[in-house]
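Heads up: the structure comes next, in structure tokens.
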């Protein structure tokens with residue numbers, strides 16, 4: 012994990028095998044459910060159960076869609092996490108406006 016990134020702004024989308032569904036957990040959540048010595052949930056979670064990562068409301072990594080806006084590879088079209096963070100307010104405004112138009 013890059014310590015220059017605000018971990019509290021990220022959410023992990025993962026498969027919860029107990030509930031048999033996808034769950035979202037804050038990146039910095041404590042580990043209260045997975046056995047072992049790891050105290051932070053995201054580092055205790057087996058990697059194959061991670062389905063996605065969100066920065067605030069925006070999905071920046073998605074396993075199924077092969078989206079990577081963290082390093083800019085795959086279907087991230089070269090956009091990196093630094094660019095996502097920098098342009099987030101504009102992205103959020105455009106997304107909210109699009110959703111509002113679709114509701115009308």
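In our numbering, the protein residues as written are 12 to 115. Ideal Cβ positions, reconstructed from N, Cα and C, are used throughout, including at glycine.
query, result
"Whole angstroms is fine: what's the gap from residue 117's alpha carbon to residue 25's?", "What the structure shows of the chain is the stretch from 12 to 115, and residue 117 is not part of that stretch, so it cannot be assessed."
"May I ask you to report which of helix, strand or coil DSSP gives residue 13?", "coil"
"Taking DSSP as the reference, what is the three-state secondary structure of residue 107?", "helix"
"From residue 95 to residue 71, what distance separates their C-alpha atoms?", "8 angstroms"
"Could you tell me whether the stretch 85–94 touches the stretch 40–57, using the rule of 3 or more Cβ pairs below 8 angstroms?", "no"
"Are the beta-carbon atoms belonging to residue 23 and residue 36 less than 7 angstroms from one another?", "yes"
"How far does the beta strand (DSSP E) with residue 21 in it reach, from first residue to last?", "21–27"
"Considering just the uninterrupted stretch of the beta strand (DSSP E) at residue 64, what are its terminal residues?", "61–66"
"Just reading off the alpha helix (DSSP H) that residue 53 is part of, what are its end residues?", "52–55"
"Could you check what DSSP says for residue 114 in three-state terms: helix, strand or coil?", "helix"
"Terminal residues of the continuous beta strand (DSSP E) containing residue 75?", "From DSSP, residue 75 is part of no beta strand (DSSP E); its letter is neither H nor E."
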